[in-house]
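Letter by letter, the sequence shown follows residues 1095 to 1207 of my numbering.
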Amino acid sequence: MSFNTTSPTSNMGSDDSSKTSGQFHSVKGNVVEGVGNMTGNTSWQQSGKQEHAAGEAETKSAQTKGYAEGTKDRIGGKKDAVVGAVSGDRSQQTQGNIRQEKGQTQQDNNRNL
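And the structure:
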């Protein structure tokens, strides 16, 4: 059983498409394994387990990358906000605060539960 799921949605970031793809493969693997269990087909059971594990790994990798990018944005934003505040550049300070908040949101969205 094979499906082509490699075409990401054009407006999704690569991390989002990797998470979506990983989640799809994880669920598909569970379904294939379940069919294998119901029919006694060991090759489907094994194939399903492997696809599930690969999907989980892809999702975890995308989460880790997204969290790291959020950390980078938070730190860079904080630096820009402080430099803007010290130098009196309100625009730089505001942009830094926005970037810092964006990074925090990205970290929150990719936090391991």
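Built from N, CA and C at the ideal position, the CB exists for glycine as well.
It should be emphasised that the depicted structure is a prediction, and the values quoted were computed from it without experimental measurement.
Asked, Found
"Helix, strand or coil for Asn1204? Go by DSSP, reduced to three states.", "coil"
"For Thr1199 and chain C, any beta-carbon pair shorter than 7 Å?", "Any reference to chain C falls outside this structure, which holds one protein chain only."
"Leaving out five residues on either side along the sequence, give the residues of the same chain with a beta carbon under 7 Å from the beta carbon of Ser1120.", "His1146, Gly1149, Glu1150 and Thr1153"
"If you check the beta carbons only, do Ala1126 and Ser1115 fall under 7 Å apart?", "Before going on, a small fix: residue 1126 reads as Val here, not Ala. No."
"What is the rounded straight-line gap between the Cα of Asp1174 and the Cα of Gly1190?", "5 Å"
"For my contact list, Arg1168 and Gln1187 are in at a C-beta cut-off of 8 Å; report their separation, rounded to the angstrom.", "In fact, because the Cβ distance is near 15 Å, the residues do not count as touching under 8 Å."
"Within 10 angstroms of its Cβ, does Lys1113 collect 16 or more other Cβ (buried), or is it exposed?", "buried"
"So, for Thr1165: in the same chain, excluding its five sequence neighbours on each side, which residues have a beta-carbon less than 8 Å away from its beta-carbon?", "Gly1197 and Gln1201"
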